[in-house]
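Okay, so the sequence shown: first residue is 4 according to our numbering, each after it adds one.
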Amino acid sequence: IPPDEHLVVVGPSGIGKSTLANLVTGLTVPQRGVVRLGGVPIDRVRPADLHRAIALIPQEAYVFTGTLRENIGYLRPEATDAELAASCAELGMVELVGRLGGYDATVAPRTLSAGERQLLSLARVHASHARVVLLDEATCYLDPVAEERVETALRRRPGTLVVIAHRISSALRADRVLLLDGTAAHVGTHAELLERSPLYADLVGNWVGAQRAAAGAG
Numbered sequence: 004i005p006p007d008e009h010l011v012v013v014g015p016s017g018i019g020k021s022t023l024a025n026l027v028t029g030l031t032v033p034q035r036g037v038v039r040l041g042g043v044p045i046d047r048v049r050p051a052d053l054h055r056a057i058a059l060i061p062q063e064a065y066v067f068t069g070t071l072r073e074n075i076g077y078l079r080p081e082a083t084d085a086e087l088a089a090s091c092a093e094l095g096m097v098e099l100v101g102r103l104g105g106y107d108a109t110v111a112p113r114t115l116s117a118g119e120r121q122l123l124s125l126a127r128v129h130a131s132h133a134r135v136v137l138l139d140e141a142t143c144y145l146d147p148v149a150e151e152r153v154e155t156a157l158r159r160r161p162g163t164l165v166v167i168a169h170r171i172s173s174a175l176r177a178d179r180v181l182l183l184d185g186t187a188a189h190v191g192t193h194a195e196l197l198e199r200s201p202l203y204a205d206l207v208g209n210w211v212g213a214q215r216a217a218a219g220a221g
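This is the structure we're talking about:
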């Protein structure tokens, strides 16, 4: 994956997308092959350096009891309020920050919705210095408009963005798409995979059908 690329990973449930994310971040050790960061095997990168370089946001976002400033600035404690506010504005969180009482307000995780917890975790990564950001269905509780805004904001920041997608709309915004089918990995643009991969065409068709059904029901 070249620096600054936006890659989206898709495939059927249980095919190994989250396992791939864990391999990239060093949480799982490969039985074969080598994962490299900037050409260096990640098992040779100091853990502290690896944690600064790569940030993974899972589906169930982690928010702890503490101030909003502590939560959003967790990966970059030296960030100023202005820098935190810029990240929140990019992700469309200004209203949420105000409703919670500002950066000095204490956050009680149980009082937040799943989508709000995801937004706080995403702002934490946006404000960080991570060179590689992986979202493992980390926007699944957001509506499509909010999801697009978040992905666009993370794409604009310096670094590589890898999105494990639950909506095919994420693939439409990517530079390239990685399709896992259980036996091979297929890489290309959305248009290229749509033309040459029946599985990808099925995934897109099912998503389009679901969107149409939802629109009809509304």
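Beta carbons: idealized from backbone N, C-alpha and C, even for Gly.
### Message
Using a 10 Å radius around the Cβ and a threshold of 16 neighbouring Cβ atoms, would you call Ala24 buried or exposed?
### Response
buried
### Task
Return helix, strand or coil for Gly101, following the three-state DSSP convention.
helix
### Query
Residue range of the beta strand (DSSP E) that Ala82 falls in?
Run containing Ala82: none; DSSP gives neither H nor E here.
### Message
Give me the residue from Arg134, Val128 and Thr68 with the minimum Cα distance to Thr114.
### Response
Thr68
### Message
I believe Leu138 touches Gly14 by the beta-carbon criterion, under 8 Å. Please report the beta-carbon distance rounded to the nearest angstrom.
### Response
Actually they do not touch by this definition, with Cβ atoms about 15 Å apart.
### Query
Can at least three beta-carbon pairs, one atom from the region 93 to 100 and one from the region 53 to 67, be found at a separation below 8 Å?
no
### Query
Of the choices Glu8, Ile18 and Pro6, whose alpha-carbon is the least far from that of Ala188?
If you compare the alpha carbons of Glu8, Ile18 and Pro6 with that of Ala188, the shortest gap goes to Ile18.
### Task
Could you check the C-alpha separation between Arg39 and Gly104 for me, to the nearest Å?
42 Å
### Task
Return the bridge partner residues of Val207 from the DSSP annotation.
Val207 is not bridged to any residue.
### Message
Beta-carbon within less than 6 Å of Ser90's beta-carbon, same chain only, minus the 5 sequence neighbours each way: which residues are those?
### Response
Ala126, His129 and Ala130
### Query
Residue ranges of each alpha helix (DSSP H) run of no fewer than 4 residues wholly in the region 7 to 71, ordered along the chain?
20 to 28 and 50 to 56
### Message
Nearer than 7 Å: is that true of the beta carbon of Ile60 relative to any heavy atom of the ligand NAP?
### Response
What this structure holds is no ligand at all, so the ligand NAP is not there to describe.
### Query
With burial defined as no fewer than 16 other Cβ atoms inside 10 Å of the residue's Cβ, what is the status of Leu196: buried or exposed?
buried
### For Lys20 and Val207, the rounded distance between their alpha carbons
Rounded to whole angstroms, Val207 to Lys20 spans 17 Å at the Cα level.
### Query
Is Leu202 helix, strand or coil when you go by DSSP?
Helix.
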